[in-house]
Amino acid sequence: VELENRSAYPTPCRLEAAIYGMDGEEVGSVRTDLEAKGWGRTDGALTVSLRGCRLWSPDDPYLYKAVTTVSVGGGPADRTETAFGIRGARFDPDEGFILNGKAVKLKGVCCHQDHAGVGIGVPDAVNEYRIRRLKEMGCNAYRCAHHPPSSALLDICDRLGMLVMDETRLLSSGEGPIGELRSMVRRDRNHPSVVIWSLGNEEFHIQKKASAVRIMGTLTDEVRALDPTRPVTLAVVFLDDKGWTEGLDEAMLPLCGGLEVMGFNYTHAFWDKYREAFPRQPIVVTEASSGLRTRGGYASDEGRCVVFAMGEAKPESRHAEEQWKAVAESPYMSGIFLWTGFDYRGEPVPCTWPAVSSQFGVMDTCGFAKDNFFYYKSWWSDEAVLHIFPHWDWPGCEGRPIDVYCYSNCGEVELFVNGRSQGRKAMERNCLLKWEGVAYEPGVLRAEGVRGGVKLACERRTSGAPARVMVTPERARLKADGQDVSMVTVSVVDEGGAVVPTAGNLIRFEVGGEGRLLGTGNGDPADHMPDRGGCRRAYCGLAQIIVQAGTKAGTVRILAHADGLYPGEASIEAHA
């Protein structure tokens, strides 16, 4: 505890701390007396012994609460509450990341802060929606790229069970950057979700200089003084595929070898070579697998800013499955952080204007899943998964050969077109399946598999014409606090209720009652419609609106309509 005394005279104080479990029961307490020096800061240490602790983990994010009070002259002077978790975490050069005594592979993503409809002014409930979507994918780790996150985001990660790489942006020992680093560590060090500090990203301007080693040493010492419990890393990228084997990056080795945990951005070919050079240093892949693809896009079209990356080699990275397979099958690798969890504004490569957002995400800017979401869910989660693509809407292309892909954790998968088998294939762990040149005919594309004795099926049906708009709130109840939000999926569907994957209808939104329309989005990387407008085109059949509660309890009414389609409506209850 740090006490600040703004009196000019030394002041006797009593410090007390009580620890509570999530059930509200006190599980321990301690008190001590000290004298706070005049006009300055005084450190006080309190030690509490707890028995039968429940350990925090992504699967069981159990939180305790410390209530700390300061008394002066027999009366309370200050009080603060601190949520915390109890867990053991370390990085090992041979076994990777160890949590509570067990090896746990970090299945992570890098994330910028922005979201469709709201930009970087992200309400807490939107951040919670994003973390829940990542957890649904099987993700257990989040890298704050490339800046410290909001405190609210870390609170959510603590509560939902998401491990965090907390990052500052400037690799500099200047007074300003060091002050920002100290502020980040002091603010975030009680969060059980935070397991490692990152001190920078791809510092090309300095990473080969001798001064980089001294700067990293200074910053590491600053972190150690405030938090001796977590290691420090730096996200490093080697500038040439030939690496130090031909002397091109030898200048970087003193910097890399001095890191507590080596952080690799991409450069898959270096991982094993680096381990040979530094066998006693833990390694984590801080950034990799930039899987460029557009949600719902199955033929690259530069003019429409559509990217379909299957089968194409990209200079940014190897294919996602190759990199994850290498990490999964190497015990010494602590884990991987994908670039990125969600699309974000900026970096529209390989496209140019009119593209305005990236396409690296496993999900688009709205949090709608791209196909590779199901690749990771297959191998990152314990759920049974069977997912095939592309869609089966190709008018005028009868007889055309179409490659069909499958993400699944079934042992074998069989593919059918209108009931006729296209062959059965065995699934290798951490891989995917492909049926080349399947002749298109309208109807039903169906895959069947078995996992754990349970039969699974996935279908892609040729859809009918757009018939109506469907409105599906992610949450049906909100707090009437003027802040809480619900993410609402708006779909264009045919008469049978199936989403039309090629639909791009202009949809108008009306939100009434005790709520308001906060923003809209659709995941289209080239969409220029205003986020705060009352309309949005569907993109590949989907759009999203963000509805925010008012300050009065009551019903929030949502109406979505498009020319020539039956309108969709839904309601959300706001409660005090």
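The numbers in the sequence shown follow our numbering, run straight up by one, and end at 577.
Cβ coordinates follow ideal geometry from the N, Cα and C atoms, glycine included.
For the 8 angstroms CB-CB criterion, V493 and P467 form a contact.
Along the length of the segment 292-354, whole alpha helix (DSSP H) runs at least 4 residues long occupy 321-329, reported in chain order. Contact between A550 and V491 does not hold, since the beta-carbon distance rounds to 19 angstroms and is not under 8 angstroms.
Only residues of its own chain outside the window of five on either side were considered, and among them G368, E475 and M488 have a CB closer than 7 angstroms to the CB of Y130, listed in chain order. When rounded, the separation of the alpha-carbon atoms in A19 and L135 is 34 angstroms. Inclusion of H116 and V110 in the CB contact set at 8 angstroms is not warranted, their separation being larger than that value. Under DSSP, Y540 shares a beta bridge with L543.
Within the DSSP bridge table, the entry for Q360 names no partner. Secondary-structure assignment with DSSP links A448 through a beta bridge to L416 and C459. Nearest to E36 by alpha-carbon distance, out of S212, P11, I179 and E176, is P11.
Within the same chain, and ignoring the five residues on either side of P568 in sequence, the residues whose Cβ sits closer than 8 angstroms to its Cβ are R469, V470, L560, A561 and H562. DSSP, read as helix, strand or coil, puts I157 in helix.
Where R421 is concerned, the enclosing beta strand (DSSP E) starts and stops at R421 to A427.
Scanning the segment 150-198 from its first residue to its last, the whole beta strand (DSSP E) runs of 3-plus residues come out as 164-168.
Contact between the segment 63-72 and the segment 300-313 is not established, with fewer than three Cβ pairs separated by less than 8 angstroms. For V119, no beta strand (DSSP E) run applies, since DSSP gives it neither H nor E. Around the C-beta of K378, 16 or more other C-beta atoms lie within 10 Å, and the residue is accordingly described as buried. In this structure, the CA atom of E27 is about 34 angstroms from the CA atom of G139. Bridge pairing for P402: A440 [DSSP]. A straight-line Cα-Cα distance of about 10 angstroms links C536 and N506.
Judged by DSSP secondary structure, E261 falls outside any beta strand (DSSP E); it is assigned neither H nor E. Annotation: D79 to S72 spans about 7 angstroms, alpha carbon to alpha carbon. The way I'd put it, the segment 214-225 does touch the segment 179-189; three or more beta-carbon pairs between them come closer than 8 angstroms.
For S8, there is no enclosing beta strand (DSSP E), as DSSP gives it neither H nor E. Between L566 and the set E496, G524 and T503, the nearest pair of CA atoms involves E496. Bounds of the beta strand (DSSP E) holding V237 are V233 to V237. Inclusion of P193 and D167 in the CB contact set at 8 angstroms is not warranted, their separation being larger than that value.
In the DSSP assignment, A226 falls within the unbroken alpha helix (DSSP H) covering A211 to L227. Between V127 and I547, the C-beta spacing is below 8 angstroms. Contact between the segment 266-281 and the segment 208-216 is absent, with fewer than three C-beta pairs closer than 8 angstroms. Where M488 is concerned, the enclosing beta strand (DSSP E) starts and stops at V486 to V494.
Between the segment 287-296 and the segment 341-361, the count of Cβ pairs shorter than 8 angstroms is three or higher; the stretches touch. Straight through space, the alpha carbons of T473 and F375 are spaced by roughly 22 angstroms.
A distance of 8 angstroms or more separates the beta carbons of L200 and P62.
The C-beta distance from V418 to C407 rounds to 14 angstroms, too long to meet the 8 angstroms contact threshold. Annotation for K106: no alpha helix (DSSP H) segment contains it, and DSSP assigns it neither H nor E.
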